[in-house]
Amino acid sequence: MISTIGQLFISNAYADGGAPAPQGSIMEFLPLIALVAVFYFLILRPQQKRAKEQKAMIEALQKGDEVATVGGVLGKVTKVGEDSAAIEIADNVVIQVQKAAIQNVLPKGTIKSI
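Here's what the structure looks like:
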């Protein structure tokens with residue numbers, strides 16, 4: 005009984021058949037290269053483009069611009085600092101936000117129309 009159970013777990017040892025034939029074909033890596041290219045053009049490139057547009061928008065921010073923050077707060081820029089901006093969200097109510105929290109600049113008159 006022990007010999008039968010032992011044979012289940014012990015494999016036969018065969019002579020080594022030699023080295024396998026080399027497979028140095030570029031065709032094996034072609035799907036991987038294609039996947040990386042698709043990933044770059046569908047994900048990374050658009051993300052870089054959006055980041056570049058966001059940076060340009062923040063650098064062009066000036067007093068009087070109407071903006072929306074990532075939190076959904078709408079207001080008019082009253083002061084622009086190096087890293088932050090003061091936004092007037094109601095009469096005599098001014099909040100200080102980081103420039104990175106400004107989602108987009110709205111067309112003039114948008115806040116009054118809401």
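Using the numbering used here, you'd call the opening residue of the sequence shown number 5 and step up by one each time. Glycine included, C-beta positions come from ideal geometry on N, C-alpha and C.
1) Could you spell out where the beta strand (DSSP E) holding L34 opens and where it closes?
2) CA-CA distance, D69 and A41?
3) What do you get for T73, buried or exposed, if any count of 16 or more other CB atoms within 10 angstroms of its CB means buried?
4) Assuming E63 is part of the beta strand (DSSP E), what are its boundary residues?
5) Go ahead and label G79 buried or exposed: buried means 16 or more other beta carbons lie within 10 angstroms of its beta carbon, across all protein chains shown.
6) Below 8 angstroms, can you find three or more Cβ-Cβ pairs linking the segment 48-59 to the segment 30-38?
7) For the beta strand (DSSP E) containing I2, name the first residue and the last one.
8) Using the C-alpha atoms, what's the distance from Q100 back to Q58?
9) With a cut-off of 8 angstroms on the beta carbons, I'd call V71 and I91 a contact; round off their distance for me.
10) Run the CB neighbour count on I30, radius 10 Å, all protein chains shown included, and call it buried at 16 or more, exposed below.
The short version:
1) Looking at the DSSP string, L34 is not in any beta strand (DSSP E); the run it does join, the alpha helix (DSSP H), is 34-43.
2) 39 angstroms
3) buried
4) It is not in any beta strand (DSSP E) - E63 instead sits in the alpha helix (DSSP H) that spans 49-63.
5) buried
6) no
7) No answer is possible for residue 2: it lies beyond the span of the chain, which begins at 5 and ends at 118.
8) 19 angstroms
9) 6 angstroms
10) exposed
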